[in-house]
Amino acid sequence: TGEALILRNHGALVVGRSSGEAFNWMHRLELACRSQLAAMACNTRFVSVAQPVLEETWSNYQPGTRRPYGLMEWPALLRKLDRSAPDYKT
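Using our numbering, you'd call the opening residue of the sequence shown number 55 and step up by one each time.
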């Protein structure tokens, strides 16, 4: 759906309907990249996921199938930041 873009030699860009959604997309992208790097570091063949599993997973994450990313996470992260570093707002 076009929420993330990885630019060679420049980094990643993400968009969202809110700051929270964009933050969540970036967080998930970073986790996916870390997972892939860890798997590649094993220096062995990847085990392919069966096509039906790929298709079901893909369909489960299409727009309208779940709440928007960041809807609950972003307010929780801001509350955590308020507790740990309340002066960030100044």
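Glycine included, each C-beta is placed from N, C-alpha and C at the ideal position.
Enumerate in chain order the residues of its own chain whose CB-to-CB distance from residue i is below 8 Å, with the five nearest sequence positions on each side excluded.
i, result
"T119", "S113"
Mind checking residue i: buried by the 16 CB within 10 Å criterion, or exposed?
i, result
"E75", "buried"
Would you say the beta carbon of residue i is closer than 7 Å to some non-hydrogen atom of the ligand MN?
i, result
"A104", "What this structure holds is no ligand at all, so the ligand MN is not there to describe."
Look up residue i in the DSSP assignment and say whether it is helix, strand or coil.
i, result
"V107", "helix"
"P122", "coil"
"S89", "helix"
Only counting the same chain, and skipping five residues up and downstream in sequence, which positions put a Cβ closer than 6 Å to that of residue i?
i, result
"E63", "Just to set this straight, residue 63 is Asn in the shown sequence, not Glu. Here the set comprises nothing."
Please name the residue or residues paired with residue i in a DSSP beta bridge.
i, result
"V68", "A58"
Taking 7 Å as the limit between beta carbons, can you name the residues of its chain near residue i, skipping five residues before and five after?
i, result
"P152", "A query on residue 152 cannot be resolved here, the shown segment of the chain reaching from 55 to 144 and no further."
"S73", "W128"
(request) Specify whether the stretch 90 to 98 and the stretch 129 to 143 touch according to this definition: at least 3 beta carbon pairs, one from each stretch, less than 8 Å apart. (result) no
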